[in-house]
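Note sheet for the following structure.
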Amino acid sequence: MNHSLRFAFLDSWHPDPGRGSGTAVGIAGLARALESVGHRVEIIRPTRMGRGLASRILFNVSLRDRVTSDQIPDVVVGFDLDGFRWARRRPPGLPYVVALKGIAADEARFERSARQRWLLRTIAALERRNAASADRVLVPSRYSRQYAVDHYGIPVTKVEVVPEAIDLRPWRTLARRYRGEGARNRLRPPTILSVARQYPRKDTRALLRAMKIIAERHPTTRLTVIGGGPELPQLRALSNELALNHHVSFRGPVARDHEVRTAYFEADVFCLPSLQEGFGIVFVEAMAAGLPVVAARAGAVPEVVRHGRTGLLVPPSDPDALAAALMSLLENPEERQRLGAAGPRAAERYGLETVGRDLVRGIRSLVNASRRGGPESR
23 MNHSLRFAFL
33 DSWHPDPGRG
43 SGTAVGIAGL
53 ARALESVGHR
63 VEIIRPTRMG
73 RGLASRILFN
83 VSLRDRVTSD
93 QIPDVVVGFD
103 LDGFRWARRR
113 PPGLPYVVAL
123 KGIAADEARF
133 ERSARQRWLL
143 RTIAALERRN
153 AASADRVLVP
163 SRYSRQYAVD
173 HYGIPVTKVE
183 VVPEAIDLRP
193 WRTLARRYRG
203 EGARNRLRPP
213 TILSVARQYP
223 RKDTRALLRA
233 MKIIAERHPT
243 TRLTVIGGGP
253 ELPQLRALSN
263 ELALNHHVSF
273 RGPVARDHEV
283 RTAYFEADVF
293 CLPSLQEGFG
303 IVFVEAMAAG
313 LPVVAARAGA
323 VPEVVRHGRT
333 GLLVPPSDPD
343 ALAAALMSLL
353 ENPEERQRLG
363 AAGPRAAERY
373 GLETVGRDLV
383 RGIRSLVNAS
393 RRGGPESR
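Just so you know, the sequence shown maps onto residues 23 to 400 in the numbering used here.
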């Protein structure tokens with residue numbers, strides 16, 4: 023009989039999604055996925071959450087004593103760069119897994135700031151070093167697997183795709199409530215929702231330019247943008263330049279709790295035209311809420327959003343195509359309903375227990391090999 027495994031997560035990401043981006047959500051989801059199928063997870067974080075790369079490196083310098091101070095876990099999982107120093111000095115036979123939630127080398131391609139590109143390339147070098155020390159590398163999509171193989175030189179046999187996990191229970195609860203109240207409120211204006219920590223690669227600029235086109239044809243339509251991030255001031259300025267202040271609401275960072283879930287259920291369409299996504303948990307959130315999705319055909323997005331089934335995909339950086347897709351759904355409630363209704367079923371693939379079982383199935387072979395002293399553990 024398979025026994026419960028004890029996982030230690032090495033994680034210097036800020037746990038607040040407003041500061042830690044979607045990676046923080048992904049790490050928390052993975053921990054809950056493992057716990058949902060009977061395993062234990064200890065998350066080892068900095069004793070004080072700092073800001074920037076320097077604080078993350080300091081955390082990694084301190085890791086050796088922290089991982090082995092209590093009971094030695096069955097498996098250690100380092101996220102992105104976390105564990106790069108510890109891994110080369112880890113106890114013999116202790117399985118080590120690296121989970122690349124966001125591949126920094128990929129993200130760097132879309133940054134306009136020279137400083138930010140340098141930071142991401144530095145992180146990429148540490149991620150590459152970390153992955154080279156791992157027994158197994160987890161990525162959230164086939165797109166990320168190919169990028170890691172091509173750009174980090176990781177053998178494809180060492181890389182396993184494990185999608186992000188989402189706790190569907192609160193979404194089901196809200197869905198029942200909204201069904202009980204009838205269809206989405208017809209008294210409010212048609213609403214497009216976008217949720218993301220704002221970086222250039224999210225391409226919310228294209229969405230604003232699309233909104234300019236939509237507002238001319240559908241002047242009552244509103245766009246709600248949830249999320250902070252370094253790009254937010256420029257987006258506010260662009261909205262003002264496009265005279266969209268009466269059509270666009272920037273709500274800034276909002277904790278991923280009841281408030282943000284409610285925003286999904288009160289919208290009509292979800293849109294995030296990212297140029298790069300290693301997965302895109304917000305698309306699963308939208309589907310769980312029964313929202314049709316409009317997104318760019320880029321990165322891992324086509325793996326999550328099925329064109330013509332749960333949403334519509336358009337060419338990247340194309341405001342005209344984005345506007346056309348959004349208007350086609352705003353103008354066609356039957357199609358909007360059809361795509362939205364398929365979402366909750368599609369989201370089941372990313373439920374906690376499903377992802378947890380898939381992950382453990384692959385990890386257990388590492389643990390068994392380590393106990394036998396086999397080659398897979400070295």
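Every residue, glycine too, gets a C-beta built ideally from N, C-alpha and C.
Nearest-angstrom Cα distance between residue i and residue j?
| i | j | result |
| --- | --- | --- |
| glycine 378 | valine 282 | 25 Å |
| leucine 294 | proline 113 | 43 Å |
| serine 91 | serine 84 | Low confidence applies here, because serine 91 scores a pLDDT of 48, under 50, leaving its location unreliable; read the following figure in that light. Near 12 Å, if we compare the C-alpha coordinates of serine 84 and serine 91. |
| serine 392 | serine 163 | 27 Å |
| valine 98 | valine 389 | 11 Å |
| aspartate 102 | isoleucine 248 | 25 Å |
| leucine 52 | glutamate 64 | 12 Å |
| arginine 88 | isoleucine 94 | 10 Å |
| alanine 346 | arginine 86 | 54 Å |
| tyrosine 118 | alanine 50 | 19 Å |
| leucine 27 | proline 255 | 45 Å |
| valine 336 | leucine 80 | 42 Å |
| threonine 376 | glycine 60 | 13 Å |
| phenylalanine 29 | leucine 297 | 34 Å |
| serine 216 | valine 183 | 26 Å |
| isoleucine 176 | glycine 74 | 26 Å |
| serine 166 | glycine 274 | 28 Å |
| alanine 265 | isoleucine 235 | 12 Å |
| isoleucine 66 | threonine 45 | 16 Å |
| leucine 230 | leucine 260 | 8 Å |
| proline 68 | histidine 36 | 9 Å |
| glycine 76 | aspartate 128 | Position check: residue 76 holds alanine in this sequence, whereas glycine was assumed. Looking at the two C-alpha atoms, the distance is approximately 21 Å. |
| glutamate 370 | threonine 195 | 15 Å |
| leucine 351 | arginine 331 | 13 Å |
| arginine 201 | threonine 284 | 13 Å |
| phenylalanine 31 | arginine 358 | 40 Å |
| proline 338 | valine 171 | 24 Å |
| proline 185 | arginine 386 | 18 Å |
So, are the CB atoms of residue i and residue j less than 8 Å apart?
| i | j | result |
| --- | --- | --- |
| arginine 239 | methionine 309 | no |
| leucine 374 | aspartate 157 | no |
| alanine 153 | tyrosine 174 | yes |
| valine 161 | valine 178 | no |
| glutamine 220 | threonine 213 | no |
| alanine 109 | glycine 115 | no |
| aspartate 33 | aspartate 96 | no |
| glutamate 333 | alanine 343 | The sequence as given places glycine at residue 333; glutamate does not occur at that position. Not in contact: glycine 333 and alanine 343 (Cβ atoms no closer than 8 Å). |
| glutamate 133 | proline 211 | no |
| tyrosine 286 | glutamate 307 | yes |
| arginine 137 | alanine 130 | no |
| valine 276 | glycine 302 | no |
| proline 341 | alanine 232 | yes |
| valine 327 | phenylalanine 305 | yes |
| alanine 197 | proline 355 | no |
| glutamate 149 | alanine 121 | no |
Three-state secondary structure (DSSP) at residue i?
| i | result |
| --- | --- |
| aspartate 380 | helix |
| threonine 246 | strand |
| histidine 25 | coil |
| isoleucine 94 | coil |
| histidine 329 | strand |
| leucine 257 | helix |
| glycine 312 | coil |
| phenylalanine 305 | helix |
| alanine 289 | coil |
| tyrosine 372 | helix |
| alanine 232 | helix |
| valine 276 | coil |
| isoleucine 125 | coil |
| alanine 320 | coil |
| arginine 30 | Checking the sequence, you will find alanine at residue 30 rather than arginine. DSSP places alanine 30 in strand when its eight states are reduced to three. |
| leucine 215 | strand |
| serine 350 | helix |
| serine 296 | coil |
| glycine 365 | helix |
| leucine 344 | helix |
| leucine 334 | strand |
| serine 399 | Note that serine 399 scores 48 on pLDDT, short of 50, meaning its location in the model is unreliable and no value can be drawn from it. |
Tell me whether residue i counts as near the ligand ADP, meaning its Cβ is closer than 7 Å to at least one heavy atom of that ligand.
| i | result |
| --- | --- |
| proline 241 | The ligand ADP is absent from the structure shown, which contains no ligands of any kind. |
Problem set entry | Contiguous beta strand (DSSP E) assignments of at least 3 residues, all confined to the stretch 46-83 | 62-66
Exercise. Touch check for the stretch 50-60 and the stretch 380-387: three-plus C-beta pairs under 8 Å?
Worked result: yes
For this session: Would you check if the stretch 310-321 and the stretch 358-366 touch, i.e. whether three or more CB-CB distances between them fall below 8 Å?
Result: yes
Problem set entry | Cβ pair count under 8 Å reaching 3, the stretch 269-276 against the stretch 240-260 | Yes, since at least three Cβ pairs between the stretch 269-276 and the stretch 240-260 fall closer than 8 Å, the two stretches touch.
For this session: Return the chain-ordered ranges of every alpha helix (DSSP H) run that is complete within the stretch 128-158 and spans a minimum of 4 residues.
Result: The stretch 128-158 contains these whole alpha helix (DSSP H) runs: 136-155.
Exercise. Could you give the uninterrupted runs of the beta strand (DSSP E) lying entirely in the stretch 159-212, keeping only those of 3 residues or more?
Worked result: 181-183
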